[in-house]
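Everything below concerns the one structure shown next.
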Amino acid sequence: MLQLEILKKHTGFVWGIILLVLLHSSSVLHAQEVITIDSPLFDFSVSKGKSLLVFEDTTDALTLNDIIENPPFNNQVTGPNNITGFYWIKLSLQNTTSNDLEVIVEGFRSINSQLFQVLENGEIFTARYGSFQKKSGLNPGDSRAHVSFILKKGVTHDIYFRVHGRAFKGNFMDSKTFRTKKTQAQVQDLLFFGACLIFVIYSLIQFGVYRYMPYLWLAMFALGMGMYAFSVQNYFVDWILPNAPKTGLNFTMPWSQFGHLGMLLLAISFLELKRKFPFWYKVFIGLIILTVLRTVIGVVLTAVYQNYGLMTDMSIKLLMIDIALFHIMLFALWKKVEKSRKVFLVGLIIFGLTLIIASLTWKYIFVSKSVVLLYTSSLGSLVQVLIFSIAIGIRMRQHEKEKNLALKRLNIVLHEQNKKIENEVAERTREIEDQKIVLQERNERIETLFKEIHHRVKNNLQLISSLLNMQQEWSGTEDSAKAIEESRSRVVAMSMIHQFLYRTDDIATIDFRDYVIELAEKINSIQTENIEYHLSVDFDCHPNFDLDTSISLGLILNELLTNSYKHAISKNHYLEILLKLHLRKDGMFNLTCQDNGYPMPHTFEQMTKKGFGLKLASRLTKQLHGSLSYSYNSGNTFTIVFADEKKRMTLVD
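By full-length UniProt numbering, the letter at position 430 of the sequence shown is numbered 430, and the numbering carries on one by one without gaps.
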């Protein structure tokens with residue numbers, strides 16, 4: 001009861017204390033701490049708390065004036081806290097140094113953002129930045145990833161950010177520190193891009209040299225991963241599409257999936273899944289289809305809905321399917337594959353570990369997500385490319401050893417085959433040499449027999465000539481004597497051919513020029529009348545005719561020369577004979593026999609019908625596939641057109 005009385009006496013005092021506590025709590029709740037910058041070199045981060053107030057504009061209708069006149073900020077984010085919502089961020093900065101400072105802000109990144117600085121005179125400084133900002137809409141020196149403003153010395157400035165997207169952490173630094181960090185980052189990026197480019201060029205060169213498909217897919221993987229980092233770090237948009245950032249950002253995910261597709265094709269090709277492991281080949285074909293679908297969905301989420309966070313979450317979750325299958329395949333194939341393919345399987349697991357680290361960091365570690373994705377994927381990709389290159393190198397060395405071993409075995413087989421062939425060739429050569437000796441002996445016997453035959457034929461023809469000569473002496477009339485003389489000259493012409501064949505080494509052909517000269521002398525020697533003659537021979541070639549051609553031409557010339565003696569000019573008993581031989585372009589021969597005698601008493605057609613000699617000459621010419629013609633101009637001219645044995649064979653064909 002005493003205690004109750006005491007409480008009643010002091011009730012007013014208690015309520016006063018409670019009221020003061022509430023007022024103090026309310027002032028603490030709404031008060032904002034001022035961030036003081038007391039050094040020209042600074043680098044600090046500010047996140048949601050007493051120094052940074054956040055308010056979500058669920059209506060997307062508030063202006064800066066609305067925010068200044070009626071500050072809606074609280075220590076806790078109000079509204080539905082939407083990842084793609086519109087937020088206002090406020091912080092106060094005080095420059096206590098002796099100089100104005102240029103402040104660089106990174107962070108508060110979103111699709112479209114604006115920085116507002118309330119100046120001393122009440123004016124508002126504005127700067128735009130954000131992923132979708134065109135280069136033409138940025139202040140000089142700013143980028144889509146950072147924005148700058150001047151902080152006057154000794155003055156406290158209220159800084160406001162309007163961001164599209166939930167980003168409640170910003171990094172503030174001076175311009176010198178910013179440039180130093182940017183240079184370091186660019187050097188790191190250059191090293192990474194250079195490494196990717198070296199791997200791409202190396203892989204393409206190796207593919208061009210060896211035509212080994214895994215090198216082509218390795219180049220595709222390195223190119224995709226390099227271009228993904230190139231896009232994430234904004235180089236792709238800044239250098240290629242500075243005034244079309246929306247379009248440029250849509251390439252970010254396709255580049256990563258392009259590299260992932262190269263890795264899947266590399267696995268199919270290098271592990272020879274289609275031939276050795278058909279089940280896993282079907283699994284990887286399914287993963288390729290999933291990659292294509294993932295790319296399409298990601299492009300729709302970024303290009304249509306501009307939801308990059310959802311796109312990243314979706315990609316990471318779907319890639320977990322690939323990771324799970326990679327681990328299962330590692331255990332399923334480890335004992336079935338050789339060393340190089342085991343190294344390759346380890347490279348696939350590196351991909352899974354890299355993605356898991358990126359996913360955990362994305363969800364649970366409060367650092368820049370883009371930096372996490374960049375460095376985990378970049379370093380992981382470089383390690384993967386290196387491991388894949390090592391695996392392919394091991395495989396190529398194994399292939400080289402296998403090829404050398406196969407070549408060695410092949411050389412042994414070839415050596416044995418060559419030795420066997422040499423023995424067979426030597427044996428065959430001996431047989432051919434023995435056959436050549438036999439054939440040579442046989443040819444010599446045949447040649448001897450032919451010469452003996454020609455000799456006997458010549459002797460027999462000479463015997464016939466002698467008999468005809470004796471018969472000519474006993475002939476009763478002048479006509480019969482002349483007929484016997486003509487027959488004798490024909491026999492002599494044939495006999496001379498066999499004599500030529502017997503005298504020379506060539507038993508198949510005779511020298512036609514020498515034969516013509518001897519034939520003319522022989523015909524002159526058997527003439528009953530003593531007529532002086534002069535023979536001229538004009539051949540534009542030096543032919544050797546076969547036996548049939550020579551006998552036919554010999555008989556024809558015998559008739560023509562005999563005819564020249566018949567019609568010789570008897571006053572001075574001097575006979576001039578000119579024989580010409582000409583090879584025509586069509587392969588035929590022209591043989592002309594000219595003399596200075598009287599013309600024939602009858603026409604050429606009548607003589608070939610009535611006279612036996614010219615009739616024989618005409619028929620023999622036809623056998624040579626030729627023709628016989630006659631003309632007279634201060635002497636008789638007979639022209640024989642004929643074909644030798646080779647030409648006659650073509651004419652028959």
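Even for Gly, the Cβ is constructed at its ideal location relative to N, Cα and C.
Discussion item. Quick check on this structure: which residue in Thr312, Gly309, Gly347 has the alpha carbon closest to the alpha carbon of Phe326?
Written reply: The closest CA to that of Phe326, considering only Thr312, Gly309, Gly347, is found on Gly347.
ask   = In whole angstroms, what is the alpha-carbon distance linking Arg275 and Ser269?
value = Between Arg275 and Ser269, the C-alpha separation is close to 10 Å.
| query | Considering Trp280, what are the terminal residues of the alpha helix (DSSP H) in which it resides? | reply | Looking at the DSSP string, the run of the alpha helix (DSSP H) that includes Trp280 is 278-303.
Exercise for the section: Using three-state DSSP, classify Met600 as helix, strand or coil. Expected result: Met600: coil per DSSP, three-state reduction.
Margin query: Could you pull the DSSP bridge partners for Ser629 from this structure?
Written below: Paired residue(s): Thr639.
Bridge partner(s) assigned by DSSP for Ser45 = Asn171.
Note to self: Give me the residue from Thr639, His625, Gly635 with the minimum Cα distance to Val652.
What the structure shows: Selected option, being the one with the closest Cα: His625.
- Buried versus exposed, by CB contacts within 10 Å (16 or more), Asn70: With fewer than 16 other Cβ atoms within 10 Å, it is exposed.
Item to check | For Gly107: DSSP bridge partner residues | outcome: Gly107 is bridged to Gly170.
### Message
Considering Cα atoms alone, identify which of Leu151, Ala406, Thr97, Asn404 is closest to Ile104.
### Response
Of the listed residues, the one whose Cα sits closest to Ile104 is Leu151.
Inset, instruction - Tell whether a beta-carbon distance below 8 Å holds between Val46 and Phe149. - result: In this structure, Val46 lies away from Phe149, with their beta-carbon atoms at least 8 Å apart.
Taking 8 Å as the threshold (C-beta atoms), are Thr608 and Ser618 in contact? With contacts defined as CB atoms closer than 8 Å, Ser618 and Thr608 qualify as a contacting pair.
My assumption, with CB atoms under 8 Å, is that Phe168 sits in contact with Leu52. Please give the rounded CB distance.
Contact between Phe168 and Leu52 holds, since their C-beta atoms are separated by about 7 Å, short of 8 Å.
Exercise for the section: Go ahead and label Lys153 buried or exposed: buried means 16 or more other beta carbons lie within 10 angstroms of its beta carbon, across all protein chains shown. Expected result: Exposed: under 16 other Cβ atoms inside 10 Å.
Item checked: Residues near Ala303 by beta carbon distance below 6 Å, same chain, minus five either side -> Cβ neighbours of Ala303 beyond the five flanking positions: Asn250.
**Item:** Close Cβ partners of Met314 (< 8 Å) along its chain, the five nearest in sequence each way excluded
**Value:** So the list reads Arg294, Ile297, Gly298, Leu301, once near-sequence residues are dropped.
The beta strand (DSSP E) enclosing Ala127, as first and last residue numbers:
124-129 is the span of the beta strand (DSSP E), which, as asked, contains Ala127.
- Item | Candidates Leu91, His399, Phe258, Asn95: closest to Leu41 by CA position | Relative to Leu41, the option among Leu91, His399, Phe258, Asn95 whose CA is nearest is Asn95.
Exercise. Using the C-alpha atoms, what's the distance from Trp334 back to Arg397?
Worked result: So the two alpha carbons sit approximately 20 Å from each other.
- Task: Count the other C-beta atoms from every protein chain shown that fall within 10 angstroms of the C-beta of Cys541, then say buried if there are 16 or more, exposed otherwise.
- Result: It counts as exposed.
Cβ of Leu560 within 8 Å of Cβ of Cys593?
-> The Cβ atoms of Leu560 and Cys593 sit closer than 8 Å to each other.
Consult DSSP for Ser39 and reduce its assignment to one of helix, strand or coil. If DSSP states are grouped into helix, strand and coil, Ser39 belongs with coil.
### Message
So the candidates are Ser256, Asn82, Leu579, Met494; which of them puts its Cα closest to the Cα of Phe351?
### Response
When each option's Cα is compared against that of Phe351, the closest is Ser256.
Taking C-alpha atoms, which residue in Phe193, Leu218, Phe236 lies nearest to Tyr202? Out of Phe193, Leu218, Phe236, Leu218 has the C-alpha closest to the C-alpha of Tyr202.
Notebook entry, point to check: Nearest to Val492 by CA position, among Lys522, Thr509, Asn81, Lys436, is which residue?
Noted result: It is Lys522 whose Cα lies nearest to the Cα of Val492.
Rounded C-alpha distance that separates Phe331 from Ile412 = Cα-Cα distance, rounded: 41 Å.
Margin query: Can you tell me whether Val438 is helix, strand or coil according to DSSP?
Written below: Helix, per DSSP.
**Request:** Kindly indicate which residue of Gln384, Met329, Lys339 has the alpha-carbon position closest to the one of Leu353.
**Result:** The residue with the shortest Cα to Cα distance from Leu353 is Gln384.
Let me check understanding here. Comparing Cα to Cα, which of Gly380, Ile37, Phe55 lies closest to Asn99?
The residue from Gly380, Ile37, Phe55 with its alpha-carbon nearest to that of Asn99 is Ile37.
Considering only residues of the same chain and omitting the five flanking positions on each side of Leu535, which have a CB-CB separation below 6 Å? The beta carbon of Leu535 lies closer than 6 Å to those of Ala520, Ile577 in the same chain, with the five residues before and after it left out.
* Top-ranked residue by Cα proximity to Asn563, from Asn633, Phe589, Leu620, Thr637 -> Among Asn633, Phe589, Leu620, Thr637, the Cα nearest to that of Asn563 is on Thr637.
### Query
Considering only residues of the stretch 174-222, which uninterrupted alpha helix (DSSP H) runs meet the minimum length of 4 residues and lie entirely inside it, listed in chain order?
DSSP runs (the alpha helix (DSSP H)) wholly in the stretch 174-222: 175-210.
- Query: Got a sec? Which residues, its chain only, sit under 7 Å from Ala222 by beta carbon, not counting five neighbours each side?
  - Reply: Only Cys196, Phe199, Val200, Ser203, Val385 meet the Cβ criterion.
| Is it true that the stretch 639-651 meets the stretch 574-590, where meeting means three or more beta-carbon pairs spaced less than 8 Å apart? | They touch, by the three-pair rule.
Worksheet item: What does a CB cutoff of less than 7 Å around Leu64 pick up in its chain, not counting 5 residues either side in sequence?
Response: Taking C-beta separations shorter than 7 Å and ignoring five residues to either side along the sequence, the partners of Leu64 in its chain run Phe116, Ile124, Tyr160, following chain order.
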